[in-house]
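Chemist: Residue numbers (the UniProt record's numbering): 1 to 503. Ideal Cβ placement from N, Cα and C applies to all residues, glycine included.
Put into structure tokens, the structure is as follows:
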């Protein structure tokens, strides 16, 4: 006969397995926010995170089974969980240094993402992988019905993972920053061993770790306040991305500006602190809207970010209206708080995915502006496909125009995305033109390129009496755009692969 298993120990094991499953999933979700400012949020980053975590989780399962077959004790089980808590706490301290190192010295995104994931996520994943088989062995030493015992424990672990997925994604990440979540996960795991160890030494060690976590949080909060006061620097997590706002001096004109970034490759939006001039040249090229579509009355913008161009549009077209589709409500909130966005009856914001908006849209617009990015190196593929372009075509008035910002080269392997996108628009619109922003003659340079698609079949003029517009029109790409890539479709749109070639 096996020893009877105490109801307290039975419940404690169930709780510990549930908590470890939840923590692992939240840790993985937080990982994407950790990586975003350094390596972006492309498919390659997610693949690296998931692959490394699953790989070392499997090693943990294997090693946990072998370890449990040798000898089991609640003390050892508690120490394993405590080490997992410590490993997450270590990640809190080293994350920025590790990611900066790999981003700087390894240019290949796949390799830098995998190595970063191994350093930061392998230890905790391995240790948390040991938990389930070890807990199974502890129960089997005290209970009959081994099959139902194994099934129950793995069901509890999976339930914990499901809970962690939804609780982390829907509640924790939108409300707490990356650093705060790491400290919270470490703290929760550090308390679990107390379910099994009640010695004075165990309580003291746990108290010391919890104290270290609390002091880390206090120090982190203090330095964030100092950074904001001195540099207007904030770092927040939303439901969709990790957002940073900082102040800097423009290298061209020396003006102080406020920047908004979500990835390491580019600044998504910026605003001068002293005037309303547009900071980025590509947004100034949006002024070609009136050349290709005079007398604009209605416009749609896909991607609001800090609302730099919507504010400019409302100033320049005092009788026109604009609808902005910005998926992230926090972006709009930050734009109002820091980037001088004010309520305006002529501006309507829709917080939803741009493709979902296009799918259900019944309105007609004079102009559609495209500026939606997950990050500079990652674009929502569902907005690039033939089906999405068809929706844009349908949403335009008879002489309407699309002006879409693309970051890419035109020629060579670094121009694959632009050529695929150009071919996709050409399959729907009768006229499509390109305007390289930085260098109008250099096709292999990665730069902002304005794609202009006209619904009308009437050929436009490429000169203007307006000096500013004439300068922009002079940037028209006059060389052939190579037709060597298939159009993008909902079924097949390797956007991240093409963008990887660009960056």
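Nearest to residue 182 by CA position, among 349, 473, 44 and 91, is which residue?
Modeler: As a working note, residue 182 is residue 182 in the chain shown. Of the candidates 349, 473, 44 and 91, the one whose C-alpha sits nearest the C-alpha of residue 182 is 91.
Chemist: If you scan the stretch 437-463 from start to end, which runs of the beta strand (DSSP E) of 3 or more residues do you find wholly inside it?
Modeler: As far as the stretch 437-463 is concerned, its whole beta strand (DSSP E) runs of at least 3 residues are 447-454.
Chemist: Considering Cα atoms alone, identify which of 22, 459, 32 and 242 is closest to residue 163.
Modeler: Translated into the one-based positions of the chain shown, residue 163 becomes position 163. Answer by Cα proximity: 22.
Chemist: Taking the straight line between their C-alpha atoms, what separation do you get for residue 270 and residue 120?
Modeler: Numbered from its first residue, the chain shown carries residue 270 at position 270. Numbered from its first residue, the chain shown carries residue 120 at position 120. Each residue's alpha carbon lies about 32 Å from the other.
Chemist: List the endpoints of the continuous alpha helix (DSSP H) containing residue 493.
Modeler: Looking up residue 493 in the chain shown gives position 493. It is not in any alpha helix (DSSP H) - residue 493 carries neither H nor E in the DSSP assignment.
Chemist: How long is the line joining the alpha carbons of residue 2 and residue 71, rounded to whole angstroms?
Modeler: Reading the chain shown from its first residue, position 2 is the one you call residue 2. Reading the chain shown from its first residue, position 71 is the one you call residue 71. Legend: pLDDT at residue 2 = 49, less than 50; position of this residue unreliable, no value from coordinates given.
Chemist: Mind checking residue 491: buried by the 16 CB within 10 Å criterion, or exposed?
Modeler: Locating residue 491 in the chain shown gives position 491, counting from the first residue. Exposed, since its Cβ has fewer than 16 Cβ neighbours within 10 Å.
Chemist: Check whether the Cβ atoms of residue 328 and residue 239 sit closer than 9 Å, and answer yes or no.
Modeler: In the chain shown, the residue the question calls residue 328 occupies position 328. In the chain shown, the residue the question calls residue 239 occupies position 239. Yes, Cβ-Cβ distance for residue 328 and residue 239 is below 9 Å.
Chemist: Start and end of the beta strand (DSSP E) containing residue 347?
Modeler: Looking up residue 347 in the chain shown gives position 347. Here the beta strand (DSSP E) through residue 347 covers 347-350.
Chemist: Please return the same chain residues whose Cβ sits closer than 7 Å to the Cβ of residue 140, not counting the five positions on each side in sequence.
Modeler: Indexing the chain shown from 1 puts residue 140 at position 140. So the list reads 146 and 149, once near-sequence residues are dropped.
Chemist: Use the C-beta contact count for residue 444: other C-beta atoms within 10 angstroms, 16 or more gives buried, fewer gives exposed.
Modeler: Residue numbering aside, residue 444 sits at position 444 when the chain shown is read from its first letter. So residue 444 counts as exposed.
Chemist: Kindly indicate which residue of 314, 330 and 331 has the alpha-carbon position closest to the one of residue 323.
Modeler: Within the chain shown, numbered from 1, the residue matching residue 323 stands at position 323. With distances taken between Cα atoms, residue 323 lies closest to 314.
Chemist: What do you reckon, are the CB atoms on residue 421 and residue 451 nearer than 9 Å?
Modeler: Numbered from its first residue, the chain shown carries residue 421 at position 421. Numbered from its first residue, the chain shown carries residue 451 at position 451. Yes. Within cutoff.
Chemist: Pop quiz: residue 132 and residue 17 are said to be a contact at Cβ under 8 Å. What is the actual Cβ separation, rounded to whole angstroms?
Modeler: Residue 132 sits at position 132 when you count from the first residue of the chain shown. Residue 17 sits at position 17 when you count from the first residue of the chain shown. About 6 Å separates the beta carbon of residue 132 from that of residue 17, a gap short enough to meet the 8 Å contact definition.
Chemist: Just mark residue 413 as buried or exposed, buried being the case when its beta carbon has 16 or more other beta carbons within 10 Å.
Modeler: For the purposes of this step, residue 413 is taken as residue 413 along the chain shown, with counting starting at 1. Classification for residue 413: exposed.
Chemist: Under the three-state reduction of DSSP, which class applies to residue 132: helix, strand or coil?
Modeler: Start at 1 with the first residue of the chain shown, and residue 132 comes out as number 132. Correct three-state label for residue 132: helix.
Chemist: Of the residues 248, 237 and 473, which one's Cα is nearest the Cα of residue 439?
Modeler: Along the chain shown, read from residue 1 onward, the residue named residue 439 stands at position 439. Ranking 248, 237 and 473 by Cα distance to residue 439 puts 473 first.
Chemist: Is it true that the CB of residue 32 sits closer than 9 Å to the CB of residue 52?
Modeler: As a first step, residue 52 must be located in the chain shown, where it is residue number 52. As a first step, residue 32 must be located in the chain shown, where it is residue number 32. Result no, Cβ atoms of residue 52 and residue 32 do not sit closer than 9 Å.
Chemist: Just to confirm the assignment: which complete beta strand (DSSP E) runs, minimum length 3, are found wholly within the stretch 375-438?
Modeler: Segments of the beta strand (DSSP E) lying fully in the stretch 375-438: 396-408 and 431-436.
Chemist: What three-state label does DSSP hand residue 301 in the structure shown?
Modeler: Numbered from its first residue, the chain shown carries residue 301 at position 301. It is a strand residue.
Chemist: If you drop the 5 nearest sequence neighbours on each side, which residues of the same chain put their C-beta closer than 8 Å to that of residue 332?
Modeler: Against the chain shown, residue 332 aligns to sequence position 332. These residues qualify, in order along the chain: 304, 307, 326, 341, 349 and 351.
Chemist: Whole angstroms is fine: what's the gap from residue 261's alpha carbon to residue 283's?
Modeler: Locating residue 261 in the chain shown gives position 261, counting from the first residue. Locating residue 283 in the chain shown gives position 283, counting from the first residue. Cα-Cα distance, rounded: 16 Å.
Chemist: When burial is assigned at 16 or more other CB atoms within 10 Å of the CB, is residue 211 buried or exposed?
Modeler: In the chain shown, counting from the first residue as 1, residue 211 sits at position 211. Answer is exposed; the Cβ neighbour count stays below 16.
Chemist: Just grab the DSSP bridge partners of residue 69 for me.
Modeler: Position 69 of the chain shown, counted from the first residue, corresponds to residue 69. None; residue 69 has no bridge partner.
Chemist: Just to confirm, are residue 300 and residue 365 a CB contact at a threshold of 9 Å?
Modeler: For the purposes of this step, residue 300 is taken as residue 300 along the chain shown, with counting starting at 1. For the purposes of this step, residue 365 is taken as residue 365 along the chain shown, with counting starting at 1. Result yes, Cβ atoms of residue 300 and residue 365 sit closer than 9 Å.
Chemist: Do you know offhand how far residue 407's Cα is from residue 446's?
Modeler: Numbered from its first residue, the chain shown carries residue 407 at position 407. Numbered from its first residue, the chain shown carries residue 446 at position 446. Each residue's Cα considered, the two are about 7 Å apart.
Chemist: Within 10 Å of its beta-carbon, does residue 496 have 16 or more other beta-carbons around it, so buried, or fewer, so exposed?
Modeler: As a working note, residue 496 is residue 496 in the chain shown. With 16 or more other Cβ atoms within 10 Å, it is buried.
Chemist: How many whole angstroms separate the CB atoms of residue 369 and residue 425, which I take to be in contact at a CB cut-off of 8 Å?
Modeler: Counting from one through the chain shown, the residue named residue 369 turns up at place 369. Counting from one through the chain shown, the residue named residue 425 turns up at place 425. Wrong, their Cβ atoms sit about 14 Å apart, outside the cutoff.
Chemist: Per DSSP, what kind of secondary structure is residue 272 in: helix, strand or coil?
Modeler: By 1-based counting over the chain shown, the position of residue 272 is 272. Here residue 272 sits in strand by DSSP.
Chemist: Given this structure, state the Cα-to-Cα distance separating residue 41 from residue 373, to the nearest angstrom.
Modeler: As a working mapping, residue 41 is identified with position 41 in the chain shown. As a working mapping, residue 373 is identified with position 373 in the chain shown. Going from the Cα of residue 41 to the Cα of residue 373 covers about 11 Å.
Chemist: Report all residues from its chain with a CB closer than 7 Å to the CB of residue 248; omit the five preceding and five following residues, and keep chain order.
Modeler: As a first step, residue 248 is located in the chain shown; it is residue number 248 there, counting from the start. Contacts found: 257 and 259.
Chemist: For a minimum of 4 consecutive residues, which ranges assigned as the alpha helix (DSSP H) are wholly contained in the stretch 136-192?
Modeler: Complete alpha helix (DSSP H) runs here, min 4: 146-167 and 178-191.
Chemist: Note the first and the last residue of the continuous alpha helix (DSSP H) segment covering residue 340.
Modeler: Locating residue 340 in the chain shown gives position 340, counting from the first residue. No alpha helix (DSSP H) contains residue 340, which DSSP labels as neither H nor E.
Chemist: Find the nearest neighbour of residue 57 within the set 8, 84 and 278, judged by alpha-carbon distance.
Modeler: One-based indexing of the chain shown puts residue 57 at position 57. The candidate whose alpha carbon is nearest that of residue 57 is 84.
Chemist: I need the DSSP call for residue 309, collapsed to helix, strand or coil.
Modeler: Counting from 1 along the chain shown, the entry for residue 309 is found at position 309. Helix, per DSSP.
Chemist: Can you tell me whether residue 356 is buried or exposed? The criterion is at least 16 other CB atoms within 10 Å of its CB, across all chains shown.
Modeler: Taking the first residue of the chain shown as position 1, residue 356 is located at position 356. Residue 356 is exposed by the Cβ-count criterion.
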